[in-house]
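Single-structure report; data block below.
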Amino acid sequence: QLRAQNQVLKKGVVDEQANSASLKEQLKMKDQSLRKLQQEMDSLTFRNQQLAKRVELLQDELTLSETRGKKSKKSGESSSQLSQEQKSVFNEDLQKKIEENERLHILFFEADEQHKRLEAELRSRLDVLETDAAQHQAVVDSLTRKYTDTIEKLQNDKAKLEIKSQTLEREAKDCRLRTEECQQQLKNLQAALGSRLEESLCIINEKVPFNDTRSNRYNALNVPVHNRRYQLKLRDLAGQALTFVQDLVTALLNFHTYTEQRVQIFPVDSATDTISPLNQKFSQYLHENASYVRPLEEGMLQLFESITEDTVTVLETAVKLKAFAEHLSSYLCFLRKILPYQLKSLEEECESSLCTAALRARNMELHRDMKKLTAVFEKLHVYISLLALPSTKSEGLLRTNYSFVFTNIATSLHGFHDILKDISKHYSQKATLEQEVPTATQKLITTNDCILSSVVALTNGVGKIASFFSNNLDHFTASLSYGPKGGTEFISPLSAECMLQYKKKAAAYMKSLKKPCSDSVPYEEALANRRVLLSSTESREGLAQQVQQSLEKIAKLEQEKEHWMLEAQLAKIKLEKENQKLKHSLSGHLAESIQEHSVLPNAAEQKEETIEKSQREPVKTTSSALDNESREDLIKNHYMARIAELTSHLQLADSKAVHFHAECRALAKRLALAEKSKELLTEELKLASQNISRLQDELMTTKRSYEDQLSMMSDHLCSMNETLTKQREEIDTLKMTSK
Numbered sequence: 001q002l003r004a005q006n007q008v009l010k011k012g013v014v015d016e017q018a019n020s021a022s023l024k025e026q027l028k029m030k031d032q033s034l035r036k037l038q039q040e041m042d043s044l045t046f047r048n049q050q051l052a053k054r055v056e057l058l059q060d061e062l063t064l065s066e067t068r069g070k071k072s073k074k075s076g077e078s079s080s081q082l083s084q085e086q087k088s089v090f091n092e093d094l095q096k097k098i099e100e101n102e103r104l105h106i107l108f109f110e111a112d113e114q115h116k117r118l119e120a121e122l123r124s125r126l127d128v129l130e131t132d133a134a135q136h137q138a139v140v141d142s143l144t145r146k147y148t149d150t151i152e153k154l155q156n157d158k159a160k161l162e163i164k165s166q167t168l169e170r171e172a173k174d175c176r177l178r179t180e181e182c183q184q185q186l187k188n189l190q191a192a193l194g195s196r197l198e199e200s201l202c203i204i205n206e207k208v209p210f211n212d213t214r215s216n217r218y219n220a221l222n223v224p225v226h227n228r229r230y231q232l233k234l235r236d237l238a239g240q241a242l243t244f245v246q247d248l249v250t251a252l253l254n255f256h257t258y259t260e261q262r263v264q265i266f267p268v269d270s271a272t273d274t275i276s277p278l279n280q281k282f283s284q285y286l287h288e289n290a291s292y293v294r295p296l297e298e299g300m301l302q303l304f305e306s307i308t309e310d311t312v313t314v315l316e317t318a319v320k321l322k323a324f325a326e327h328l329s330s331y332l333c334f335l336r337k338i339l340p341y342q343l344k345s346l347e348e349e350c351e352s353s354l355c356t357a358a359l360r361a362r363n364m365e366l367h368r369d370m371k372k373l374t375a376v377f378e379k380l381h382v383y384i385s386l387l388a389l390p391s392t393k394s395e396g397l398l399r400t401n402y403s404f405v406f407t408n409i410a411t412s413l414h415g416f417h418d419i420l421k422d423i424s425k426h427y428s429q430k431a432t433l434e435q436e437v438p439t440a441t442q443k444l445i446t447t448n449d450c451i452l453s454s455v456v457a458l459t460n461g462v463g464k465i466a467s468f469f470s471n472n473l474d475h476f477t478a479s480l481s482y483g484p485k486g487g488t489e490f491i492s493p494l495s496a497e498c499m500l501q502y503k504k505k506a507a508a509y510m511k512s513l514k515k516p517c518s519d520s521v522p523y524e525e526a527l528a529n530r531r532v533l534l535s536s537t538e539s540r541e542g543l544a545q546q547v548q549q550s551l552e553k554i555a556k557l558e559q560e561k562e563h564w565m566l567e568a569q570l571a572k573i574k575l576e577k578e579n580q581k582l583k584h585s586l587s588g589h590l591a592e593s594i595q596e597h598s599v600l601p602n603a604a605e606q607k608e609e610t611i612e613k614s615q616r617e618p619v620k621t622t623s624s625a626l627d628n629e630s631r632e633d634l635i636k637n638h639y640m641a642r643i644a645e646l647t648s649h650l651q652l653a654d655s656k657a658v659h660f661h662a663e664c665r666a667l668a669k670r671l672a673l674a675e676k677s678k679e680l681l682t683e684e685l686k687l688a689s690q691n692i693s694r695l696q697d698e699l700m701t702t703k704r705s706y707e708d709q710l711s712m713m714s715d716h717l718c719s720m721n722e723t724l725t726k727q728r729e730e731i732d733t734l735k736m737t738s739k
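Counting in the UniProt record's numbering, the sequence shown tops out at residue 739, every number present.
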């Protein structure tokens with residue numbers, strides 16, 4: 001695109017140069033025509049001057065003739081008549097010449113003014129055109145520079161792309177070779193696998209008496225692949241469901257007990273007056289709620305305990321789900337039993353004199369909500385009993401309908417949550433209205449608050465259960481519907497129970513195989529020991545002699561050990577004395593020890609050599625004073641050399657520590673400077689990226705502006721050509737008029 005635009009710009013520049021050259025030629029032609037006109041004007045002015053001189057001469061002659069005529073009047077009338085006729089003729093000619101001269105002067109003046117005006121206009125236009133041409137030339141030069149830069153960049157990019165293309169071609173060749181190799185390997189593998197398949201088929205046909213996977217009845221007894229991850233996930237989900245059910249059970253217990261308290265209080269307080277027989281029966285039934293609600297938690301706990309890591313949990317093996325469904329059916333019977341009493345109790349509240357219209361409307365809404373609540377529990381009981389059918393009857397529920405049942409349970413739970421929301425809303429409105437009743441007691445208000453809190457807890461618990469079930473719906477349908485390999489399902493609950501027994505036996509067999517074997521001597525080591533025993537010729541006496549010799553050596557070594565222990569104690573005592581002396585002398589001789597630091601190591605080496613030499617000599621156990629003094633001197637010199645060496649090592653360590661500390665500080669400063677420079681560089685990088693984007697936008701805008709300028713220049717040149725043609729026509733008309 002840039003090359004095409006560059007070519008277009010080059011063509012435009014060439015056209016402009018040609019147009020400017022043609023304009024220059026036209027200006028030259030106009031200058032020539034103006035020069036010709038000036039020459040003609042000069043000739044006309046010269047001719048006019050000649051005519052003016054001739055007119056003056058004629059006037060002089062006329063005056064002379066008049067003077068002569070006055071003198072020669074008397075000469076005769078004939079001569080006067082002739083002179084008058086000549087005078088009239090001359091006057092007419094002169095008048096004509098004067099008029100013609102005036103007309104020529106006017107034309108000359110007008111032509112001169114028009115020429116000056118045209119010359120000024122043309123010069124101003126020429127200046128404007130020259131400035132425009134210079135500007136356009138500068139723009140063209142800048143564009144050519146930019147386009148040359150872009151062309152160079154594109155050429156570099158082209159070279160890089162060519163290099164990349166070459167590398168890609170090489171890679172493509174390598175890939176082709178690899179694909180050919182892979183195809184060859186694939187062919188070899190296919191051939192090898194085909195041969196293995198034939199061998200395995202032959203072995204199966206010869207060795208296997210029958211294939212139990214062909215028959216669903218036999219395949220149902222095969223143990224499926226144990227998916228430990230699914231089992232752990234199911235146990236985790238069952239634990240979460242157990243906690244949710246426990247919360248639900250506590251909320252239901254609170255709701256039923258608090259409703260029982262409310263029936264005893266409102267509309268008639270049982271402490272002051274007898275309540276109606278309907279409410280008495282209703283409170284009696286509500287008092288039995290724990291015997292129906294508690295088994296739900298127990299059934300869920302049994303179901304949770306039945307799901308372990310080792311079992312295979314599917315609907316055919318989930319036997320405890322049937323017990324949970326039975327407990328739910330008993331609770332549903334309880335709800336059906338208390339529903340008419342609850343509805344009649346609400347109607348009785350509406351018929352009381354304390355009930356207002358708004359309170360009556362809230363009671364009717366609760367009347368409808370209680371019916372919906374019982375209907376939702378009926379739906380849940382139906383679907384959960386359907387899920388419990390495969391553990392008792394194999395044909396009760398097909399595996400294809402599992403997902404349908406689970407989705408319906410999820411929708412029923414969401415509906416249950418919505419109904420509880422409506423109940424909590426209507427009951428809160430009812431509680432606020434009952435607080436406004438003047439006869440409302442504090443006991444009634446607190447009971448209403450307790451019922452409302454239990455309903456809110458029930459709503460939250462059911463909402464958690466609904467979201468939990470809908471979130472794990474796919475996992476339930478996938479994990480509770482797997483079976484033996486090659487089969488789609490278990491034939492009957494009896495086959496599933498047999499499968500579990502077979503699984504336990506297989507697990508026990510695998511555990512027995514994993515038991516570690518008793519430790520034994522390796523075979524090679526036993527052979528080597530046997531050879532040693534056979535080749536040994538030592539007797540008991542030889543071994544006894546060796547034992548006696550070793551005991552004698554041990555006794556000698558113990559004596560030497562005691563001797564050297566005594567020597568070490570003496571050396572310790574002397575060392576303590578020398579340390580006390582050194583403590584007193586070190587304060588005064590510290591500078592001397594530092595100066596003699598370079599000499600002491602050599603002395604220490606010499607003393608160590610003397611100590612080694614003394615150690616090489618045989619030890620003489622004499623108690624003379626000379627030996628004791630020499631020994632004390634040697635120990636003293638040795639410890640002095642050791643102290644000097646340790647002080648030198650300490651000084652070296654201190655100097656190294658100072659040096660390392662300085663290096664660490666310098667490195668910390670360098671690290672801080674590097675982080676600052678990094679931040680600055682990141683800011684500069686951001687600015688550079690912004691500048692690059694800005695320059696790209698400016699390049700696009702300059703391109704568009706240059707294209708617009710080129711279009712404007714072309715339009716301007718067209719208009720200039722039109723004006724030049726008009727000027728030519730005007731010059732031609734002037735030429736015609738001047739002629």
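For every residue, glycine included, the Cβ atom is placed at its ideal position computed from N, Cα and C. These numbers come from a predicted model, not from an experiment.
Quick check: what's the CA-CA separation for Leu303 versus Tyr341?
As a working mapping, residue 303 is identified with position 303 in the sequence shown. As a working mapping, residue 341 is identified with position 341 in the sequence shown. So the two alpha carbons sit approximately 34 angstroms from each other.
Could you have a look at Lys514 and say whether DSSP puts it in helix, strand or coil?
The sequence position of residue 514 within the sequence shown is 514, counting from 1. Note: Lys514 maps to coil in three-state DSSP.
Contained alpha helix (DSSP H) runs [length at least 4] in the stretch 226-300, N- to C-terminal order:
228-265 and 277-286
Output the distance between the C-alpha atoms of Ala323 and Gly299, rounded to the nearest integer angstrom.
Here residue 323 is taken as the residue at index 323 of the sequence shown, counted from 1. Here residue 299 is taken as the residue at index 299 of the sequence shown, counted from 1. Between Ala323 and Gly299, the C-alpha separation is close to 6 angstroms.
Opening and closing residue of the alpha helix (DSSP H) in which Lys430 lies
Against the sequence shown, residue 430 aligns to sequence position 430. Counting along the chain, the alpha helix (DSSP H) containing Lys430 begins and ends at Tyr402 to Gln435.
Drop a sphere of 10 angstroms on the beta-carbon of Asn448, count the other beta-carbons inside from all chains shown, and report buried for 16 or more, exposed for fewer.
Numbered from its first residue, the sequence shown carries residue 448 at position 448. Asn448 comes out buried.
Helix, strand or coil for Leu303? Go by DSSP, reduced to three states.
Numbered from its first residue, the sequence shown carries residue 303 at position 303. Three-state result, Leu303: helix.
Quick check on Asn529: buried or exposed, where buried means 16 or more other Cβ atoms within 10 Å of its Cβ?
As a first step, residue 529 must be located in the sequence shown, where it is residue number 529. Label assigned to Asn529: exposed.
Where the alpha helix (DSSP H) through Pro340 begins and ends
The count along the sequence shown starts at 1 and reaches residue 340 at position 340. Element bounds for Pro340: Lys320 to Glu351.
Note down, in chain order, each residue of its chain lying with its Cβ closer than 6 angstroms to the Cβ of Ala238, except the 5 sequence neighbours on either side.
Reading the sequence shown from its first residue, position 238 is the one you call residue 238. Within the same chain, Ala238 has close Cβ partners Phe304 and Ile307.
Answer with buried or exposed for residue 755, where buried requires no fewer than 16 other C-beta atoms within 10 angstroms of its C-beta.
What the structure shows of the chain is the stretch from 1 to 739, and residue 755 is not part of that stretch, so it cannot be assessed.
Determine contact between the stretch 94-112 and the stretch 47-66, defined as no fewer than three beta-carbon pairs at a distance below 8 angstroms.
yes
So, are the CB atoms of Ser291 and Val263 less than 9 angstroms apart?
Position 291 of the sequence shown holds residue 291. Position 263 of the sequence shown holds residue 263. Not a contact, by the Cβ cut-off of 9 angstroms.
Would you check if the distance between the CB atom of Phe255 and the CB atom of Lys464 is smaller than 9 angstroms?
On the sequence shown, residue 255 is found 255 positions in, with the first residue counted as 1. On the sequence shown, residue 464 is found 464 positions in, with the first residue counted as 1. No. Outside cutoff.
Sufficient close CB pairs (3 or more, under 8 angstroms) joining the stretch 51-69 to the stretch 15-24
no
Which of the three DSSP states is assigned to Lys553 in this structure?
Reading the sequence shown from its first residue, position 553 is the one you call residue 553. Lys553: helix per DSSP, three-state reduction.
By the three-class DSSP mapping on this structure, what secondary structure does Thr459 have?
In the sequence shown, residue 459 corresponds to position 459, counting from 1. Three-state DSSP puts Thr459 in a helix.
Between the stretch 346-362 and the stretch 311-325, do three or more beta carbon pairs fall short of 8 angstroms?
no
Taking just the CA atoms, how far does Pro277 sit from His417?
Locating residue 417 in the sequence shown gives position 417, counting from the first residue. Locating residue 277 in the sequence shown gives position 277, counting from the first residue. Whole-angstrom Cα-Cα distance: 33 angstroms.
Closest by CA to Glu16, which one among Leu34, Lys116, Gln137 and Glu169?
Against the sequence shown, residue 16 aligns to sequence position 16. Measuring from the Cα of Glu16, the nearest candidate turns out to be Gln137.
Selected residue, minimal CA-CA separation from Glu347, among Met364, Ile151 and Tyr331
Against the sequence shown, residue 347 aligns to sequence position 347. It is Met364.
Between Arg235, Leu332, Leu296 and Lys153, which lies nearest to Glu309 when the distance is taken from Cα to Cα?
Numbered from its first residue, the sequence shown carries residue 309 at position 309. The residue with the shortest Cα to Cα distance from Glu309 is Arg235.
Buried/exposed call for Ile573, threshold 16 Cβ in 10 Å:
Translated into positions along the sequence shown, residue 573 becomes position 573. Exposed, because fewer than 16 other Cβ atoms sit within 10 Å of the Cβ of Ile573.
Could you have a look at Lys11 and say whether DSSP puts it in helix, strand or coil?
Here residue 11 is taken as the residue at index 11 of the sequence shown, counted from 1. Helix at Lys11.
Separation of Glu378 from Arg228, as counted between CA atoms
Numbered from its first residue, the sequence shown carries residue 228 at position 228. Numbered from its first residue, the sequence shown carries residue 378 at position 378. The alpha-carbon atoms of Arg228 and Glu378 are separated by roughly 35 angstroms.
Pair every Cβ in the stretch 364-373 with every Cβ in the stretch 437-454, then say whether three or more of these pairs are closer than 8 angstroms.
no
Since Ala251 and Gly461 should fall inside the 8 angstroms C-beta cutoff, what is the C-beta to C-beta distance between them, to a whole number of angstroms?
Looking up residue 251 in the sequence shown gives position 251. Looking up residue 461 in the sequence shown gives position 461. Right, their Cβ atoms sit about 5 angstroms apart.
Check whether Leu380 and Ser412 have beta carbons under 9 angstroms apart
Sequence index remark: in the sequence shown, residue 380 carries index 380 (1-based). Sequence index remark: in the sequence shown, residue 412 carries index 412 (1-based). A contact, by the Cβ cut-off of 9 angstroms.
Consult DSSP for Glu316 and reduce its assignment to one of helix, strand or coil.
If you number the sequence shown from 1, residue 316 lands on position 316. The answer is coil: DSSP assigns Glu316 none of H, G, I, E or B.
Cut-off 7 angstroms between Cβ atoms - residues of its own chain near Glu632, not counting five sequence neighbours on either side:
Translated into positions along the sequence shown, residue 632 becomes position 632. These residues qualify, in order along the chain: Lys574.
Between which two residues does the alpha helix (DSSP H) holding Lys372 run?
Position 372 of the sequence shown holds residue 372. Start and end: Ala357 to Ala388.
Can you give me the C-alpha to C-alpha distance between Leu44 and Met29, rounded to a whole angstrom?
In the sequence shown, the residue the question calls residue 44 occupies position 44. In the sequence shown, the residue the question calls residue 29 occupies position 29. Leu44 and Met29: Cα-Cα distance of roughly 22 angstroms.
Nearest-angstrom Cα separation, counted from Leu57 out to Arg68
Here residue 68 refers to the residue found at position 68 of the sequence shown. Here residue 57 refers to the residue found at position 57 of the sequence shown. Roughly 16 angstroms between the two C-alpha positions.
Whole angstroms is fine: what's the gap from Ala431's alpha carbon to Ile275's?
Counting from 1 along the sequence shown, the entry for residue 431 is found at position 431. Counting from 1 along the sequence shown, the entry for residue 275 is found at position 275. Looking at the two C-alpha atoms, the distance is approximately 21 angstroms.
So the candidates are Ala120, Leu126 and Gln38; which of them puts its Cα closest to the Cα of Gln26?
The residue labelled residue 26 in the question sits at position 26 within the sequence shown. Among Ala120, Leu126 and Gln38, the Cα nearest to that of Gln26 is on Leu126.
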